[in-house]
Every structure is written in C-alpha cells, then in structure tokens.
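Worksheet: the structure to be examined is printed underneath.
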Amino acid sequence: MTDPFTAPTTTTRTPHATWEPPVTIATRGTLLVLPGRGEHPLVYERFGRRLAADGYLVHVLGTHPENPADAVRDQAAAVAGPEPVAPLVLVGSDTGALQALHAAALSDPSLPVAGVVVAGAAPTTDPDSAVEVNDTASAWDDELAARTACPAHRKRLTDDASFSRGRLTDPVPHHLRADAHPDVPALILHGAADPVTAVEQARGLAGRLPRTTLGVVHDGVHDVLNDASHRTTAATVVLWLERLRADRRDLRPILTVAEADGNSAAGA
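Under the working numbering, the residue at position 189 of the sequence shown is numbered 502, and the numbers go up by one with no gaps.
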C-alpha cells in the first residue's frame with residue numbers, strides 16, 4: 314500500500330496533484346498551490362510532501378498565468394471541495410503568487426480563504442533586466458540560475474519533459490499587474506538576489522497589505538519554495554500556518570526566540 318503523503322494523486326478533469334497527511338495525523342489545514350510560468354503541479358512535489366508530513370492537505374493546481382481570478386477561484390473551490398479543512402490558504406509562486414492575491418481578494422464564500430502565501434511573485438512592472446532567452450546552449454543554464462540554486466531541483470527541472478523552458482520571460486498578463494489587496498493575513502517570501510523580480514516589490518507589497526509577514530531569503534533567487542533554502546522556507550510556512558491556526562486575526566507569535574546576547578529575534 315502506498316503511503317498517501319508520499320504519492321500525489323491527479324485527475325484528468327481538473328489537472329492537479331494532491332499530497333495528504335499520514336493517516337495517523339489529523340489534517341491541520343488545506344493549502345491550494347498555484348504554480349508559475351512554465352511550471353506544472355508536480356514541480357511542487359517536494360514542498361507538497363513536506364507540508365503534508367506536518368499535517369496539511371496540499372493541492373497543487375494546474376492553473377495557467379492567463380487564467381482570470383474568477384476562473385482560478387472556481388478551480389480552487391472545485392479541488393478543495395465543499396468542506397475543506399480550515400484554515401484554507403492560497404500559496405502562489407511567480408504569476409501564481411499574483412493569482413493567489415487576486416483570487417483571495419474576491420472574498421467568495423465558495424472559497425473561504427483564511428490567508429495567502431506570496432512566494433517569489435512575478436514582476437508587476439517591466440523589469441530593468443531579464444533572463445535572456447536565445448538559441449545558445451547557455452540559455453537553459455541562465456534560466457536555471459535565475460530560478461534556483463538547489464542542485465536537486467535544477468536536475469529535476471532539466472530532466473522534466475513536462476516543464477516548459479523559456480516561459481520565465483513571458484510577459485506577465487495585464488490583469489495580474491493591477492494591485493490586489495485581500496483582507497486576510499499574508500506571508501510574503503522573496504529572494505534577496507531574485508534577478509526576475511526585485512525584492513523592493515515584495516517590500517512594497519508588504520507595506521500595502523494588512524497583517525503581513527515578510528521573509529527575505531538571504532542570497533535567494535526567484536523560485537523561493539524550491540531554492541537552496543527550501544527547508545527553511547517550508548519551515549517558515551509551517552510556523553506561519555500554526556500562528557494562523559491559533560490566531561487568525563492578529564497572528565500573535567506562539568514562540569519568541571531570544572539570541573544569546575539577550576536580544577529578541579522574530580517570533581514564530
């Protein structure tokens with residue numbers, strides 16, 4: 314028998330992948346993950362397994378950047394089902410991060426979003442510099458360098474026939490460039506060295522949204538959920554989810570870490 318949290322399930326009607334918690338762990342919440350340009354649901358297998366092991370039901374949707382917010386909402390609601398285990402959180406990467414913000418802002422009872430995780434959002438303005446796409450052998454290496462510094466994930470993408478190379482430079486759809494301000498807690502994760510979207514965009518978004526936690530990954534590049542610090546970002550997501558479960562309004566810290574010199578660090 315296959316352990317349910319180590320193997321994804323997929324459907325043909327609504328393409329998505331699902332990772333369930335081990336049968337011995339009560340489900341602690343529902344995550345709906347929206348992939349970015351060039352990606353597909355199984356790109357988030359490692360993230361799905363890790364969060365499922367901590368008790369969260371993880372669905373990764375087969376959305377596309379062109380999908381409008383209401384279509385994303387409808388697909389997410391269909392995958393989550395009529396009674397998803399709360400809290401229900403939208404997690405998005407690249408254009409999926411922008412879609413998560415817009416879908417959460419719809420405030421539709423069919424999708425009771427309690428929070429949103431914005432991971433390495435796509436640029437909402439024309440970037441000053443971009444990953445070059447050309448016909449040379451180095452084009453793929455350039456895209457990999459922009460996406461992730463994790464050797465294992467680089468190999469996975471390189472060997473993945475379903476991954477669409479070169480899509481990272483596709484224009485971000487106009488409807489995703491507009492500001493969206495969902496009235497739910499948000500966790501924003503962004504790489505400090507992201508060459509696709511400047512970290513200043515993440516800082517600006519954090520200043521405009523209510524109840525926001527901002528995490529900047531030192532030396533991190535664009536795909537922060539699958540970058541070299543993927544364990545740290547996944548752990549940060551879990552800590553934030555536990556705060557959301559305990560206090561959905563103010564997200565008060567459950568634990569405060571003090572450094573050896575007595576200075577107080579960020580709460581978790």
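Positions of the beta carbon are idealized from the N, C-alpha and C atoms, including for glycine.
- Excluding five sequence positions before and after residue 553, the CB atoms of its chain that fall closer than 7 Å to its own CB belong to 500 and 526, given in chain order.
- Just so you know, the alpha carbons of residue 410 and residue 571 end up roughly 32 Å apart.
- Distance from the CA atom of residue 457 to the CA atom of residue 509, rounded to whole angstroms, is 12 Å.
- Three or more beta-carbon pairs separated by less than 8 Å are not found between the segment 358 to 372 and the segment 480 to 493, which leaves the two stretches without contact.
- Where residue 366 is concerned, the enclosing alpha helix (DSSP H) starts and stops at 358 to 366.
- Distances from the CA of residue 493 to each of 481, 381, 349 and 363 were compared; the closest alpha carbon is that of 381.
- Beta-bridge annotation (DSSP): residue 503 is paired with 529.
- Note on geometry: alpha-carbon atoms of residue 354 and residue 374 lie some 6 Å from one another.
- Rounded to the nearest whole angstrom, the CA to CA distance from residue 397 to residue 451 is 44 Å.
- According to the DSSP secondary-structure assignment, residue 553 is paired through a beta bridge with no residue.
- Comparing C-alpha distances from residue 432 to each of 549, 523 and 555 shows the shortest one belongs to 549.
- In the three-state reduction of the DSSP assignment, residue 541 falls in the coil class, being assigned neither a helical nor a strand state.
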